[in-house]
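Numbers -16 to -1, 1 to 534, taken from mature numbering (1 follows the signal peptide of the UniProt record, and there is no 0), label the letters of the sequence shown in order.
Quick notes on the structure that follows.
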Amino acid sequence: MKGIALLALLPALAAAEHVRGVDPAFEDKYAPSLTHFTCLDGTQRIPMSAVNDDYCDCADGSDEPGTSACEGRPHAYFYCRNAGHIPARILSSRVNDGVCDEACCDGSDEWASGACPNRCADIARSHKERIERDARIRRTGAKIRGTYVAFAQKERTRLQDEIAAQRAALADRERQVADARVALENAETQSRDDLERKKASPMYRALEEHREAVTRLRDQLRATQDDLGTVLGVLDGLAKGYNPNGQDMAVKAAVVGYRELIGDGGEAAEAEGEDKQDIKENTAPETRLNTVRAPDEHLAGFDVDRVVGVDLESLLVDDVSDDDDDGLLYRLEEYIPDSMFEYYFSAREALVSALTNMGVLKKSVVVNDGPLVAAARDKFNAAERELGNVRSAISSAEDTLGQIETKLWFGPDGEWKKLDGTCVDTVAGDYTYELCFFGRATQKSNKDHSSNNLGHFVEWNPAAQPGEHAYYTRMAYRNGAKCWNGPMRSVNVELECGKENALLAITEPEKCEYLFKATSPALCWPLDGAKAPKVQEEEVATNEAAKDEL
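Shown next, in the form of structure tokens:
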């Protein structure tokens, strides 16, 4: 029995300089010269001989640091000194359990049997080699990181200069917009005033009267043409059904007159034969109607509807111009005789349309804009666009500068700015995985070249504070393409210091939730200084933190 063996060793324990399993931080409480031991939680005082007697007296388990009697209690830990290497703490339940604990390289966890050799020298040697290797990588990476920091500093200066320059230009652009707005308002006011003045002019009233007269004549002509078509249709039917042997001279005279009207020969046709009852049966009345309309060579090709449909007010607006050459086309009517007004307006519309299509004239911004208003509006719109561009440039530069100057995005020294948009990739199985820093993570098939969006960067390690080294060791990519019958794809990136930006390994712990392991010089903080304590000191600090739990 384990307890009997321990009782035999109690005298030796009492004489020992150090109580087995005690953390050096608490050795003064376990001094052999003391007659009594007070439990670390202060709840009980026991004889010193009761320490490490394989019986748990203290509620917190602090009286059995070298045995497993108090396993599960708050202070039930065994301290391995691991001379020559890094000390460690293990659960007291692992003491003398017949298994050589990896953390206790000195074998002290199996002190009862002595079955575990002291491997600390070999482990310390390997550990030292690893530390030196990591230090070399860190030194090289730190130099590269230094170039990233220098880039960020230059970028910060460039952005500050750009913001200053754009802010100086902003006031000028705002003045230009204000001036262009006033010019546009003046042009619109002048255009309206000139329009009202011209509408009150005799020329405008004459144009209105001419158009009204032409409109009435057009309507009367169409009505007359409709009536004539009806009459000709009746006569056409009569001519087809006419019996020349009849004695109705009035009917005969009407048919003969109709045939003469349409150029069918009249009585001459009867002389050639009374049997031509089907004459022109294949000719429609509308066609015959056209034969009786005497074409006017002055009106041939003239579009009456277009003339009537001309917007006279728009023509007046077009005429609002100054004395420069640009308004010449719109002022020709001042020299056109009254009798030619309608023809001029029709021809001018066609000419303006053709010149606009060829790019000779600019298309008006709005239908009723004259050349002066259109030009003023073009200048105003151009000034507003320039002002918008300046404001957008300032906003973009300020956002980027803010990301560099804060620790939330590009690191405490802005070192990650250099990698903004940089992509790394690796092949894993049938896929190529690509990681773009601060951008998107992608899975590409090596077979059909299809790709899946695995998410976009959203945050660093939320479990650490901005500015801490640990904060920049994890990147989260979220809201990727939806997985079939699963969640939205996402990626967690674990980063380590490395001499190059590289994507090392890809795993999928959960369906469509990926884990990327990567390296970057941006994570190689300097070896000295408060930002990056030496590795040995970090490990000691970790153990010291563990001691505080005792």
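Here a beta-carbon is modelled for each residue, glycine too, at the ideal position from N, C-alpha and C.
Note that the coordinates shown come from a computational prediction; the quantities given were computed from them, not determined experimentally.
Using 10 angstroms around the beta-carbon of D90, count the other beta-carbons present and answer buried if the total reaches 16, otherwise exposed.
Around the beta-carbon of D90, 16 or more other beta-carbon atoms lie within 10 Å, marking it buried.
Own chain residues within Cβ distance below 6 Å of D12, not counting five before or after:
Within the same chain, no residue comes within 6 Å of D12 by CB-CB distance, once the 5 residues on both sides are set aside.
With H, G and I counted as helix, E and B as strand and the rest as coil, what does DSSP make of G130?
In the structure shown, G130 sits in a helix (DSSP, three-state: H, G or I).
Please state whether the Cβ-Cβ distance between Y417 and L487 is less than 9 Å.
Yes, Cβ-Cβ distance for Y417 and L487 is below 9 Å.
Is P493 closer than 9 Å to Y132 when the C-beta atoms are compared?
Here Y132 is not near P493, since their CB atoms are 9 Å or more apart.
Within the chosen definition, does the segment 391 to 407 reach the segment 446 to 456 through at least 3 CB pairs nearer than 8 Å?
The segment 391 to 407 vs the segment 446 to 456: in contact.
Going straight from the alpha carbon of L18 to that of M32, what length do you get?
Each residue's CA atom was taken as its position, placing L18 and M32 some 7 Å apart.
For E497, write down the residues that DSSP places opposite it in a beta bridge.
Among the bridge pairs identified by DSSP, E497 is matched with S474, E494.
Just the Cα atoms here: how many angstroms apart are G26 and L403?
Rounded to whole angstroms, the gap between the alpha carbons of G26 and L403 is 55 Å.
Extent of the continuous beta strand (DSSP E) to which V239 belongs
Residue range 233 to 245 is occupied by the alpha helix (DSSP H) that includes V239, with no beta strand (DSSP E) assigned at that position.
Measuring CA to CA, which of G395, A447, L438, R114 is closest to G464?
Looking at G395, A447, L438, R114, the one whose alpha-carbon comes closest to that of G464 is L438.
Measuring CA to CA, which of I70, P446, A381, A60 is closest to Q150?
Taking each of I70, P446, A381, A60 in turn and checking the Cα distance to Q150, the smallest one comes out for A381.
Is the CB-CB distance between L371 and E196 below 9 Å?
No, the pair does not count as a contact, with Cβ atoms beyond the cut-off.
Report the residue from H111, E48, A9 whose alpha carbon sits nearest the alpha carbon of R65.
Comparing Cα-Cα distances from R65 to each of H111, E48, A9, the minimum goes to A9.
Helix, strand or coil: which one does DSSP assign to R4?
Looking at R4 - three-state DSSP - the assignment turns out to be coil, as it is neither helix nor strand.
Any chance the segment 50 to 70 sits against the segment 95 to 112, with 3 or more Cβ pairs inside 8 Å?
The count of Cβ pairs closer than 8 Å, one atom from the segment 50 to 70 and one from the segment 95 to 112, reaches three, so the stretches are in contact.
Check for me: the beta strand (DSSP E) holding N437 runs from which residue to which?
Per DSSP, N437 belongs to the beta strand (DSSP E) from 435 to 444.
Does the beta-carbon of R4 have 16 or more other beta-carbons within 10 angstroms, so that it is buried, or is it exposed?
Taking a 10 Å sphere around the C-beta of R4, we find 16 or more other C-beta atoms and assign the residue as buried.
Nonlocal neighbours in the same chain, by C-beta distance under 8 Å from C481, ignoring five residues either side:
Answer for C481: D118, I121, R122, G125, T503, S504, P505, L507, C508, W509, listed in chain order.
Check: R375 C-beta below 8 Å from any heavy atom of the ligand SAH:
Because no ligand of any kind appears in the structure shown, any question about the ligand SAH cannot be addressed here.
If you follow the beta strand (DSSP E) that E418 is part of, which residue opens it and which one closes it?
Its beta strand (DSSP E) spans residues 415 to 420.
Nearest to G423 by alpha carbon, out of D414, T406, Y415, Q204?
Nearest of D414, T406, Y415, Q204 to G423, Cα basis: T406.
By the 10 Å Cβ neighbour count, where 16 or more other Cβ atoms means buried, how is T51 classified, buried or exposed?
That one is buried.
Going by DSSP in three states, Q28 sits in which element: helix, strand or coil?
Residue state for Q28 is assigned as coil, using DSSP reduced to three classes.
Under the three-state DSSP convention, the category D409 falls into
If DSSP states are grouped into helix, strand and coil, D409 belongs with the strands.
Using the Cα positions of V161 and E368, report the straight-line distance between them to the nearest angstrom.
The C-alpha of V161 lies about 6 Å from the C-alpha of E368.
Element boundaries [alpha helix (DSSP H), containing R361]
Unbroken alpha helix (DSSP H) run through R361: 355 to 389.
Rounded straight-line distance, which links the Cα of N80 to that of W95
Rounded to the nearest angstrom, the two C-alpha atoms are 7 Å apart.
Other residues of its chain near D41: CB distance less than 6 Å, five sequence neighbours each side excluded:
Here the set comprises I30, A34, D47.
Helix or strand or just coil, what does DSSP make of A525?
Confidence at A525 is low in this model, with a pLDDT of 36, below 50, so its placement is unreliable and no value can be given for it.
In this structure, what does DSSP give as the bridge partners for Q427?
BP columns for Q427 point to Y417, N436.
For E399 and G130, the rounded distance between their alpha carbons
Approximately 8 Å between the Cα atoms of the pair.
C-beta atoms of N476 and A460 nearer than 9 Å:
Their beta carbons are under 9 Å apart, which means N476 touches A460 by this criterion.
Out of curiosity, what's the CA-to-CA distance linking V442 and G470?
Rounded to whole angstroms, V442 to G470 spans 21 Å at the Cα level.
Tell me which residues share the same chain as R57 and place their Cβ nearer than 6 Å to its Cβ, disregarding the 5 neighbours each side in the sequence.
Once the five neighbours on either side are set aside, the close Cβ partners of R57 are D44, G45.
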